[in-house]
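Line by line, the protein sequences are chains A and B.
Those letters in the first sequence? Residues 1 to 114, by my numbering.
Those letters in the second sequence? Residues 1001 to 1147, by my numbering.
Even glycine gets a Cβ: it sits at the ideal position worked out from N, Cα and C.
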Amino acid sequence: MVTASVTGDVLLSKAMKQVGDVGDLWKNHGMFRVVGNVLRHPLFALGIVAMAIAFFALLFGLSWGDVSLIAPASASLTFVGNMIAAKLFLHERVDRRRCIAVAFVACGVALLAF
Amino acid sequence: MTFRKYLVLVGVAVFGSVGDTLLSRGMKDIGTISLTHLQSLLLALQNLWVVGGILLLIGFFAAYMTALSWADLTYVLPATSIGYVIIALIAKFVLHEQVTTARWIGILLITSGVGFVAGGPALTPLPEPEGETEHQREPELAMRGQS
């Protein structure tokens, strides 16, 4: 579930970066151009497929584990996984500020289970 | 970061959290859905809470995609985590659920994380070619958008 969710997020992020700033595109070319560019992008379609796999993997996980464990554990691991994948595949600058933020949020999400 | 872009980030958090809450409220009205009676899922579409939740989640997805077009993934995800806090506050003050001390600590940690990341830059600059000045990704994205 975590792998599919991270893959989906990374693919969607990559697709949207290649489409361009949606606000500027909308202002210069209109809504239909924005929607068309997004839907035609192959990485967008792959990202949606990955998100769908993550959803069904979550349902499978929930069939054998408690939601109070699965939901926060998967959410926290997804945060950390997204940080690592974004650094490796999207070449984002993950500085100390973002590492601390991700650590705080991941721990905070896990504590929401109690 | 402009005011409009901060609004988009707030939209991601608010639409996602309120949309999930409305879905939850609507599905509780419908009751447990069995795998042998999946057609009862169609009944869910007649529930106003579920319809409202779906509309808000469409708004969440649109705002999320918009944010990803001009900000890093590692910026958008923690910056919009305030949605978890909104859900907990809705649970406490609207649904009158019990919120334990551990959850309040979790809320504090999430809020701190959001504050940390929101104060920093949203986008990783492109690497500087030799002999040229540093430039941001946005002009290149604008050029791609016009192609």
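Legend entry - CB contact below 8 Å: K17 (chain A) versus chain B: Residue-level contact check: K17 (chain A) touches chain B, since one or more beta carbons of chain B fall below 8 Å from its beta carbon.
Inset, instruction - Within the same chain, show all residues whose beta-carbon is closer than 6 Å to that of W1049 (chain B), passing over the 5 residues directly before and after it, in chain order. - result: Around W1049 (chain B): L1022, R1025 and G1026.
Legend entry - For L1077 (chain B) and I1110 (chain B), the rounded distance between their alpha carbons: I1110 (chain B) and L1077 (chain B): Cα-Cα distance of roughly 11 Å.
Legend entry - Candidates B:Q1046, B:L1042 and B:W1070, of which the one nearest S13 (chain A) by Cα: Nearest of B:Q1046, B:L1042 and B:W1070 to S13 (chain A), Cα basis: B:W1070.
Inset, instruction - Pick out the complete alpha helix (DSSP H) segments inside the stretch 47-103 of chain A, 4 residues or longer, and give them in chain order. - result: The qualifying runs are 67-89.
Inset, instruction - Indicate whether at least one CB of chain A lies closer than 8 Å to the CB of A1013 (chain B). - result: For A1013 (chain B), the answer is no, since every Cβ of chain A falls outside 8 Å of its Cβ.
Legend entry - Beta-carbon proximity check, V1117 (chain B) vs A101 (chain A), cutoff 8 Å: Against a cut-off of 8 Å, the Cβ pair of A101 (chain A) and V1117 (chain B) comes out as a contact.
Inset, instruction - Would you kindly work out how many angstroms separate the C-alpha atoms of P1121 (chain B) and F79 (chain A), rounded to a whole number? - result: Between the alpha carbons of P1121 (chain B) and F79 (chain A) lies a distance of about 19 Å.
Inset, instruction - Kindly indicate if chain A contains any beta-carbon less than 8 Å away from that of G1026 (chain B). - result: Chain A, which has no Cβ nearer than 8 Å to the Cβ of G1026 (chain B), makes this no.
Legend entry - Where G81 (chain A) falls, given that 16 or more other Cβ within 10 Å makes a residue buried: By the 10 Å Cβ count, G81 (chain A) comes out buried.
Legend entry - Nearest residue (CA-CA) to L1055 (chain B), options B:E1097, B:D1020 and B:Q1098: Check the Cα spacing between L1055 (chain B) and each of B:E1097, B:D1020 and B:Q1098: the tightest is with B:D1020.
Legend entry - Neighbour list for V80 (chain A) in chain B, Cβ cutoff strictly below 9 Å: For the C-beta of V80 (chain A), not a single chain B residue is nearer than 9 Å; the gap to the nearest is close to 11 Å.
Legend entry - Cα-Cα separation between K116 (chain A) and M1065 (chain B), rounded to whole angstroms: Since the first residue of chain A shown is 1 and the last is 114, residue 116 (chain A) is not available in this structure.
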